[in-house]
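**Q** Quick one: structure below, then a few questions.
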Amino acid sequence: MHLLKTVLARLERLDDSIPVVLKDSDLLLRNSLSYFEDKGWHCLNLTDMDREFLTMLEAEGLAQSGRKVLVYIANRSEKELVFLAEYWDRGNGELVSAINLLSELRIDRKDYKRDFIVSLVRYGLPKEEDWWRDLKTRGMENVSKVVSDNLWEILGDSSYVANLSEAEREFVFIHFANTTFGLKLVASSSPEEASTQMGEKILEASYKNRPGEELHDYYRSWTDSNEWGESILFHAERFEKSHKDELLKNIDIFEDDYRHPFVSIELELYERRIEALLNGEEAAGVIEFAKERLKKRKRKQQDREAGIYWDELAWLEPLLSDADLGGIDSLESFLCAYRDTLWKYDSLDRKLRGSHLPERLKKWASDRLSKLNEVISNHWTNYYDPRIAPTQVGLLERILKGEGKRAVIVVDALRYELARDLKLKVKAKIEHGTLLAATPTETPVGMGALYSSGDIEKTLKDKRVIVRDRNTGRTLDSVTGREENLKELVEGVEIVEKDSELPDVEKLVIKTRDIDSMGHDDLIQLYGGIMTDLSELADSLLKRGYEVHFTSDHGFYLPLEGETVKQDRTASYSSGIRYSLNNTRPEEGKYEQAGSSFILYANSGNVFKDYGGHFWHGGITHQEVIIPHLVITPVRDEKRWRVEIGNKDRLKKLQKDHFEIHLFPKKELFGSAPRVYIQYLDERIELDEPVEEETRQTLRIAAKSGDTFKIEIRDLEDGSLLDWVECQYLPTRTRLF
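Read left to right, the sequence shown gives residues 3 to 739 (this note's numbering).
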């Protein structure tokens, strides 16, 4: 009753010889007029402006008879008054609102929305003074936090209502939810009904309200949340079924709303882009939309389950324009063009084979790629000759004899375009070089060339081409032979398998057959994992202070759909997959001489024997012969932005075993966004992407009531502390109502 007493005190200070006009802008008092009647006031309720004159006459008569008269005009503006305006103008008008009542009680309302303040004041109207004193001490932010938590908990699991006291349930349902969402809940409303209705109102705000409006703010909070991600998907799935037509009518809104939870709407946007691409409509706009969606939308798993693959649609970007081949007039210019742009077509060709894009779109892309690759292959054939000295020869010795710590990762069958998929966590400079592999592109030849001194000769052994190092006199036709050769050339070098414990040495070679050993199985689905492993290996070497190099013995050729093997029809005395051996000089085709024999090479998939599996070795196709040489050096002393915790105050006392932490980058003109990890208790969580914008991460804790612990944000690259907050776990709920 404290607020009603406060209003009464205001009325008592006015001139009771004339009527008092009471304006109730938030309709707080319409059910409490009897309180003032009990305190000696005669209350008149102006329900119809047409009766204003009669109401004034009645009020005047009562006042002249010695009664204290109150004319209640609800939330009508005093400017609408005509006859009763005299009392207002003479100072006998009183305005009551939630805001001015809180101001009178000196309760800081901060910047809370009016609807929340009105709900709170309505609920507290019958409360005594000590309740309001307690509210003032705790602050409205404490009430807001509990109410907000209750709302999200109910939306996440309606049975949570059982945890609320009757008073809390009354406030959340009747005062808060009804006022905020325009509902008609009662205290006895079922939790399921309340959850469903509140969820629908918030989801309707996705297209009915605009940013800055209260309901839309609730929608944004829900879509931004990791903690309540499952609940919005649950409500959105039901909402889509009942509001599908409305969502489709407003689909343009969701083109800009990349956070939205409606799978069927996202699928419609996806399919419309695909149709536009197939119809030749604004292809650049389609790809740009896909790239933007890929960058911003965080519902990848949900989308993929529905058949939405924005990342794979963005793959098609190289097809927006024809390959620029005009500047290719030599082998050197071809290698430069391949390094800069042409590799993207081979990368796309590989990715399409395991793509989830619709078949009609894959066919459209594959047809365009086939035509492009045919032209590219013709250029390669014009300028490449296997008799040209391969730049692969002696590479390891040249690298390892350089100054400082150097590590070379030799990946069997790592073709150039696949090496471009390397993604590092450590900030580093990557130089993408192209090399010509030694022919024939078989592992013994390619590896022999890599591990040699650079002065080699090709000879035949059992009708196979092998490599001999002229400087050391060694035949490099075995793993042991070539490794001993390199150790003779480079003092102190260690050679280990990829998954071995890495020795602490200056010069290191790490070898792996992950790609080649699985190349004849279902390799298409395994590329991603292999490149992730190699990226992590490079990161660890960079952190140890190495300059890191990647290279390979050869690449591989992926056959086109329906492509058949061209059998050897030459007069060869031996035929392999990549080449045939002949006693006489071939009259056509690409060849080189080894001893008294001539090596005739296959080209463009016309291999002499079907090797099976997903890839063929393609003789002297450019995908087989062009191999990578990546040089990776850490970027020293590059300034990285700080990352701060944005919701420290809310984290200082935790009442649940799961919560969100909000991270914000402190952007500066120079520098870059760092990747970070979160350290707390015995947990370490690495964020997948650099913190370029506000980032939210859900954390879970296993602690005892009363435990205190720190949450630290650290730079993933050097472990430096960026920000921290000390938390206390207090799972017991505090009753506020």
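Glycine included, each C-beta is placed from N, C-alpha and C at the ideal position.
Given the structure is predicted, the values throughout are model-derived calculations rather than measurements.
Between the stretch 68-80 and the stretch 18-32, do at least 3 Cβ pairs fall closer than 8 Å?
**A** yes
**Q** Give me the Cβ distance between Q1 and L683, rounded to the nearest whole Å; I'm assuming they're in contact under 8 Å.
**A** Because residue 1 is not part of the residues shown, which for the chain are 3 to 739, the question remains open.
**Q** Could you tell me which whole alpha helix (DSSP H) segments of length 4 or greater appear in the stretch 281-362?
**A** 285-298, 302-307, 312-316, 333-339 and 345-354
**Q** Which partner residues of D1 appear in the DSSP bridge assignment?
**A** The shown model of the chain, from 3 to 739, leaves out residue 1, and the question about it has no answer.
**Q** Quick one: Cα of I289 to Cα of L315, how far?
**A** The count along the sequence shown starts at 1 and reaches residue 289 at position 287. The count along the sequence shown starts at 1 and reaches residue 315 at position 313. Taking the straight line joining both Cα atoms gives about 7 Å.
**Q** Just verifying my parser: in three-state terms, what is the DSSP assignment at K7?
**A** As a first step, residue 7 must be located in the sequence shown, where it is residue number 5. Helix, per DSSP.
**Q** Whole angstroms are fine: how far does the CA of D423 sit from the CA of D351?
**A** Residue numbering aside, residue 351 sits at position 349 when the sequence shown is read from its first letter. Residue numbering aside, residue 423 sits at position 421 when the sequence shown is read from its first letter. Approximately 14 Å between the Cα atoms of the pair.
**Q** Can you look up H522 in the DSSP assignment and give me helix, strand or coil?
**A** Along the sequence shown, read from residue 1 onward, the residue named residue 522 stands at position 520. With a pLDDT of only 44 at H522, under 50, the local geometry of the prediction cannot be trusted, and the value read off the model is given with reservation. In the structure shown, H522 sits in coil (DSSP, three-state: anything other than H, G, I, E or B).
**Q** Mark N33 as exposed unless 16 or more other C-beta atoms lie within 10 angstroms of its C-beta, in which case mark it buried.
**A** The residue given as residue 33 occupies position 31 in the sequence shown. Answer is exposed; the Cβ neighbour count stays below 16.
**Q** Return helix, strand or coil for R642, following the three-state DSSP convention.
**A** Taking the first residue of the sequence shown as 1, we reach residue 642 at position 640. Strand, per DSSP.
**Q** Shortest alpha-carbon distance to A451 belongs to which of S121, D159 and V481?
**A** Looking up residue 451 in the sequence shown gives position 449. Here the closest residue by C-alpha is V481.
**Q** Name the DSSP beta bridge partners of D725, please?
**A** Numbered from 1 along the sequence shown, position 723 holds the residue referred to as residue 725. DSSP output for D725 lists I715 as bridge partner(s).
**Q** Quick one: residues in its chain with C-beta nearer than 6 Å to the C-beta of N211, no 5 flanking neighbours on either side, listed in chain order?
**A** Position 209 of the sequence shown, counted from the first residue, corresponds to residue 211. These residues qualify, in order along the chain: L217 and H218.
**Q** Give me the residue from K81, E248 and E444 with the minimum Cα distance to L416.
**A** Locating residue 416 in the sequence shown gives position 414, counting from the first residue. Minimum Cα distance to L416 is reached at E444.
**Q** Exposed or buried, T49, counting other C-beta atoms within 10 Å across all chains shown (16 or more means buried)?
**A** Walking along the sequence shown from the start, residue 49 turns up at place 47. When all chains shown are included, T49 counts as exposed.
**Q** Would the beta-carbon of L1 fall within 8 Å of that of V412?
**A** Coverage of the chain is limited to positions 3 through 739, which leaves residue 1 absent and any answer about it impossible.
**Q** Tell whether a beta-carbon distance below 8 Å holds between E96 and L16.
**A** For the purposes of this step, residue 96 is taken as the residue at position 94 of the sequence shown. For the purposes of this step, residue 16 is taken as the residue at position 14 of the sequence shown. Taking 8 Å as the Cβ cut-off, E96 and L16 qualify as a contacting pair.
**Q** Take the Cβ of I390 as the centre, count every other Cβ of all protein chains shown within 10 Å, and call the residue buried at 16 or more, exposed below.
**A** Working through the sequence shown from its first residue, we reach residue 390 at position 388. Note on I390: under 16 other CB atoms within 10 angstroms of its CB, so exposed under the neighbour-count rule.
**Q** What does a CB cutoff of less than 6 Å around L64 pick up in its chain, not counting 5 residues either side in sequence?
**A** Residue 64 sits at position 62 when you count from the first residue of the sequence shown. For L64, where only same-chain residues beyond five positions count, the Cβ hits under 6 Å are H44 and V71.
**Q** CB A430 to CB L333, shorter than 8 Å?
**A** The residue you call residue 430 lines up with position 428 of the sequence shown. The residue you call residue 333 lines up with position 331 of the sequence shown. Not closer than 8 Å, so no.
**Q** Report the rounded CA-to-CA distance for A540 versus L321, giving the unit in angstroms.
**A** To locate residue 540, count along the sequence shown from 1; it is residue 538. To locate residue 321, count along the sequence shown from 1; it is residue 319. Roughly 31 Å separates the two Cα atoms.
**Q** Rounding to the nearest angstrom, what Cα-Cα distance links D535 and Y529 in this structure?
**A** As a first step, residue 535 must be located in the sequence shown, where it is residue number 533. As a first step, residue 529 must be located in the sequence shown, where it is residue number 527. Roughly 10 Å between the two C-alpha positions.
**Q** For H551, tell me which candidate among R587, K25 and I634 has the shortest Cα-Cα distance.
**A** To locate residue 551, count along the sequence shown from 1; it is residue 549. When only C-alpha atoms are compared, the closest one is I634.
**Q** Pick out whichever of E662, Y114, H262 and L488 has its Cα sitting closest to the Cα of E143.
**A** Reading the sequence shown from its first residue, position 141 is the one you call residue 143. Of E662, Y114, H262 and L488, the residue nearest in Cα terms is Y114.
**Q** Quick check on DSSP: helix, strand or coil for Q681?
**A** Translated into the one-based positions of the sequence shown, residue 681 becomes position 679. The answer is strand: DSSP assigns Q681 an E or B state.
**Q** Tell me the DSSP secondary structure of R274 in three-state form.
**A** Residue 274 sits at position 272 when you count from the first residue of the sequence shown. It is helical.
**Q** Is the beta carbon of P630 less than 8 Å from the beta carbon of Y418?
**A** As a first step, residue 630 must be located in the sequence shown, where it is residue number 628. As a first step, residue 418 must be located in the sequence shown, where it is residue number 416. Cβ atoms of P630 and Y418: closer than 8 Å.
**Q** Which of the three DSSP states, helix, strand or coil, is assigned to N585?
**A** The residue you call residue 585 lines up with position 583 of the sequence shown. DSSP places N585 in coil when its eight states are reduced to three.
**Q** Quick one: measure Cβ to Cβ for Y340 and A325, integer angstroms, because I've assumed they're closer than 8 Å.
**A** Start at 1 with the first residue of the sequence shown, and residue 340 comes out as number 338. Start at 1 with the first residue of the sequence shown, and residue 325 comes out as number 323. Wrong, their Cβ atoms sit about 10 Å apart, outside the cutoff.
**Q** When DSSP labels each residue in this structure, what does R515 get in the three-state scheme?
**A** Counted from its first residue, the sequence shown places residue 515 at position 513. When DSSP states are grouped into helix, strand and coil, R515 belongs to the coil group.
**Q** Using three-state DSSP, classify L424 as helix, strand or coil.
**A** Counted from its first residue, the sequence shown places residue 424 at position 422. Coil, per DSSP.
**Q** From the DSSP output, read off the bridge partner residues of I468.
**A** What you label residue 468 is simply residue 466 of the sequence shown in a count that begins at 1. According to DSSP, which records beta bridges pairwise, I468 is partnered with T461.
**Q** For a test of the three-state rule: what should DSSP assign to L31, helix, strand or coil?
**A** Indexing the sequence shown from 1 puts residue 31 at position 29. Looking at L31 - three-state DSSP - the assignment turns out to be coil, as it is neither helix nor strand.
**Q** Taking the alpha carbon of T57 as the point to measure from, which residue in L83, K650, L35 and G404 has its own alpha carbon closest?
**A** Indexing the sequence shown from 1 puts residue 57 at position 55. The residue with the shortest Cα to Cα distance from T57 is L83.
**Q** Only counting the same chain, and skipping five residues up and downstream in sequence, which positions put a Cβ closer than 8 Å to that of G494?
**A** Taking the sequence shown and counting its residues from 1, the one referred to as residue 494 is at position 492. Within the same chain, G494 has close Cβ partners V507, E508 and K509.
**Q** Buried or exposed: G615, going by 16 or more other Cβ atoms within 10 Å of its Cβ?
**A** Along the sequence shown, one-based indexing puts residue 615 at 613. Reliability of the predicted coordinates at G615 is poor, the pLDDT of 45 falling under 50, and the value obtained from them is presented with this limitation in mind. Counting Cβ neighbours within 10 Å, G615 comes out exposed, since fewer than 16 surround it.
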